[in-house]
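Start counting the sequence shown at 788; every next residue gets the next number (my numbering). Glycine included, every Cβ here is placed at the ideal spot set by N, Cα and C. In this text the structure is predicted, and so the values were computed from the model without any measurement.
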Amino acid sequence: MLRLLLVLPLMLASTAFAQPTLPLIPLPTSVEVRSGTFAFSPATRIVVAPGDAEAERIAGMLTGWLGGEGEKRPRVSATTIVPDSSIVLTRDASIVGDEAYVLDVSQGRIELRASTGAGLFYAAQTLRQLFPPSVERAALRYRTFDIGAVRVEDAPRFVWRGMMLDVARHFFGVGDVKQVIDLAARYKLNVLHLHLTDDQGWRIEIPGWPLLTSVGGATQVGGGPGGFYTLDDYDEIVRYAAERYVTVVPEIDVPGHVNAAAVAYPFLSCADEPPTPYTGIQVGFSALCTEDERTYDWIGDVVRTMAQHTPGPYLHLGGDEAHATDEAAYVAFMTRVGQIVADNGKRMMGWDDIAKLPHADLPSGAVAQVWRAQIAATRERVVQSTANVLLSPSTNAYLDMKYDDDTSIGLKWAGTTTVEQAYEWNPETLIEGLPADRLLGIEAPLWTETVATFDDLTFLVLPRLPALAEAGWTAQHQRTWSNFRARLASHGAFWTSAGLTFYRSPLVDWQIAR
Ligand code: TNX
788 MLRLLLVLPL MLASTAFAQP TLPLIPLPTS VEVRSGTFAF SPATRIVVAP GDAEAERIAG
848 MLTGWLGGEG EKRPRVSATT IVPDSSIVLT RDASIVGDEA YVLDVSQGRI ELRASTGAGL
908 FYAAQTLRQL FPPSVERAAL RYRTFDIGAV RVEDAPRFVW RGMMLDVARH FFGVGDVKQV
968 IDLAARYKLN VLHLHLTDDQ GWRIEIPGWP LLTSVGGATQ VGGGPGGFYT LDDYDEIVRY
1028 AAERYVTVVP EIDVPGHVNA AAVAYPFLSC ADEPPTPYTG IQVGFSALCT EDERTYDWIG
1088 DVVRTMAQHT PGPYLHLGGD EAHATDEAAY VAFMTRVGQI VADNGKRMMG WDDIAKLPHA
1148 DLPSGAVAQV WRAQIAATRE RVVQSTANVL LSPSTNAYLD MKYDDDTSIG LKWAGTTTVE
1208 QAYEWNPETL IEGLPADRLL GIEAPLWTET VATFDDLTFL VLPRLPALAE AGWTAQHQRT
1268 WSNFRARLAS HGAFWTSAGL TFYRSPLVDW QIAR
C-alpha cells in the first residue's frame, strides 16, 4: 500500500511530463513519445540521397546548427548506404502537402521525411528543438547528447505565416535582417514582409531616382543616420530568405507615409521646395501628388524595380492612414497603382484600408492585411470586399505593443499585449462571416518607432513571435495556453545560449539553466 502511494504520484508526474514538455513550438499535428534514445556523437553522420542537392543543402544547415568549423561538424554524406546512428533526410512522395513532414527519432537512426525541401527543412527545425540549448553556444557546441525517441507528423494550418519588419522608422542592416529571418524560420514562419518606406526614411535603391536613398534614406526616428539597401543587398536578403523557405514581400507605402520620398523629390508632394525631413512618430500627414503624371512615372519605376527583384508573387503598396488624401483621389490612385502591379506580373497587397476600393477596381488576387479587426466597420468592409485576407490584428499580433504599462519600449495605442494575448485568439473566428477560403493566414508586424537596436527588437519579438507562430501553424483545437506556456519555458534557454535578449514575461516559469 505504501509502495503504491509512493509510485502513483510519480506515474502521474511522468505521464504529465512526457508529452507537453517536449519543447516543440509550434506544436506539431501529432507527437508520439516512444521508448529509447538516439545517442548523438561526433561520429553521427547526416545522410542524403546522391543527387538531391536541396536535401544536401538542408543537411549542411543542420550540421551548421550542430557543430563548429571544419572537422568538428557532423559530416554530410550523399550515399545510399546508411551507416548506423545516422540522421537521414529522405524524399517521401507519400507525405502530402508543400510543407508537411515526418520526423522519426529512434534508437538507431533519425529520419526526416518529406516530399518537398520545405518539409525537410521544417523537419530539421523540429529536430533542432530537441537538441540541448547549449548547442546554440559556439564554444560548447561539440558534444555528445541523447535525444529521446519520438515520432512527429506535422503540417501547417495556414499557408501564410509571416512577420513584418519596419526598417523605415529605424533602419536595420542586412546582418540584422538575416538574424530575423533565422529566428522566424525557427518557428516555421514562411513570409518576411519588409516595410521599406515611410515618412522617416526610404530604404531601397531605385535606379534613376538616386535621391530617394542618398537624401530620403539619410534619416530615421530620433535623428539617427538611417541607411538603405542597395539592390544587391536586397537580392542577398531575398536569397538568404529563400534558402530558409521564407518569401520576401516588399512594401512601398503610398499614397501616405511618403515624407522621405518627398524630401528627395518635392514634386511627389506637389511642392517646389522639399518638406522638412521627419524624425518624429506621428502618422497620416504626408500625401503623394496624385494629380501629377510624374508621380505615376515614379511609382511605375519603383514597382517595376521591386517586381524584378522579388521572386515572390506579392508587392505590398501600403495604402494605410492616407488621411491627407481625399477619398476619391485615394481610390483612383490605388486602383491605378494596382493595375501597374498587375502589369508587372505581381499581385497587390495593402493594409485593410484598400478594402474601400470598389470590387471592380480591386485587382484579382489582391490581399487586404487586416490590422483594425477591433473595428466593426473594418470587419464588415473586409467581408464584403473580394480581397483575400491576411490577419494582423493590432490587439494580438502587433509586436510593437508594450507587454504591460511598465514596458520600457513599445507603443500602447492598441492596448498592451501579453504573451498570453498574443497566443489566445482564433484567426478563424476573428472576422465573423469571412469565408475560410479567403483567409490566407496571419502576420506579426514589428513597427520600429521605439525600436532602435537589435536587442530592442528581440525584446519585443521574444516571446510573442513563437506564440503567434503557433497560432498560424497549429490547428485551433490543439492549442491551449497552459500547454504552450509549459513548452515555451525552455525556449528562454535557447535564446540565452544564442545571446538573444528576450522579455522574461512573469506569465512563464522560465527554465534558463540547462
Ligand atoms: C499604425 S498599422 C500604422 C503604422 C504605425 C503603427 C504603430 C498601420 C497600417 N499603420 O504606421 O507604425 O500603427 O503601431
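- Annotation for G1197: D1187, M1188, K1189, T1237, L1247 place their beta carbon closer than 7 Å to its own, counting only its chain and skipping 5 residues before and after.
- With contacts defined by Cβ atoms closer than 8 Å, T1097 and I993 do not form a contacting pair.
- Shown here, V967 sits in a helix according to DSSP, grouped into three states.
- Its chain contains R1134 as the residues whose beta carbon lies nearer than 6 Å to that of G1152, once the 5 sequence neighbours on both sides are disregarded; these appear in chain order.
- Sixteen is the threshold: since fewer than 16 other Cβ atoms of the shown chains lie within 10 Å of the Cβ of A826, the residue is exposed.
- Cβ contact annotation for L1227 (same chain, cutoff 8 Å, sequence separation greater than five): F945, V946, W947, V1154, N1175, V1176, L1177, in chain order.
- Spatial neighbours of E898 in its own chain (CB-CB distance under 7 Å, excluding positions within 5 residues in sequence) are listed in chain order as V875, T877, D891.
- The residues T1203, in chain order, have a CB closer than 6 Å to that of D1191 in the same chain once the five nearest residues on each side in sequence are set aside.
- Shown here, N1175 sits in a strand according to DSSP, grouped into three states.
- Distances from the alpha-carbon of V937 to those of T1066, F1241, T824 put T824 closest.
- With respect to the 8 Å criterion, V1124 and L1149 are not classified as neighbours on the basis of their beta carbons.
- Within the DSSP secondary-structure output, V939 pairs in a beta bridge with V818, L890.
- DSSP, read as helix, strand or coil, puts H982 in strand.
- In the three-state DSSP reduction, F932 falls in the strand class (E or B).
- A contact is defined here as three or more CB-CB pairs under 8 Å, and the region 1271-1278 fails this definition with respect to the region 982-999.
- Within the region 1088-1142, complete beta strand (DSSP E) segments of at least 3 residues are found at 1101-1105, 1134-1138, given in chain order.
- For N1183, the CB contacts under 7 Å within the same chain, skipping 5 residues up- and downstream, are T1204, Q1208, A1209, W1212 in chain order.
- For the pair L983 and P1037, the CB atoms are nearer than the 8 Å cut-off.
- In the structure shown, the three-state DSSP call for I991 is strand.
- Around the C-beta of S1001, fewer than 16 other C-beta atoms lie within 10 Å, and the residue is accordingly described as exposed.
- Taken through DSSP and simplified to helix, strand or coil, D1148 comes out as helix.
- It is roughly 8 Å from the alpha-carbon of Y974 to the alpha-carbon of Q912.
- In this structure, DSSP gives P1214 a state outside helix and strand, which the three-state scheme calls coil.
- In the three-state reduction of the DSSP assignment, G960 falls in the coil class.
- Assignment of beta strand (DSSP E) within the region 825-872, counting only whole runs of 3 or more residues, yields 832-835, 862-865 in chain order.
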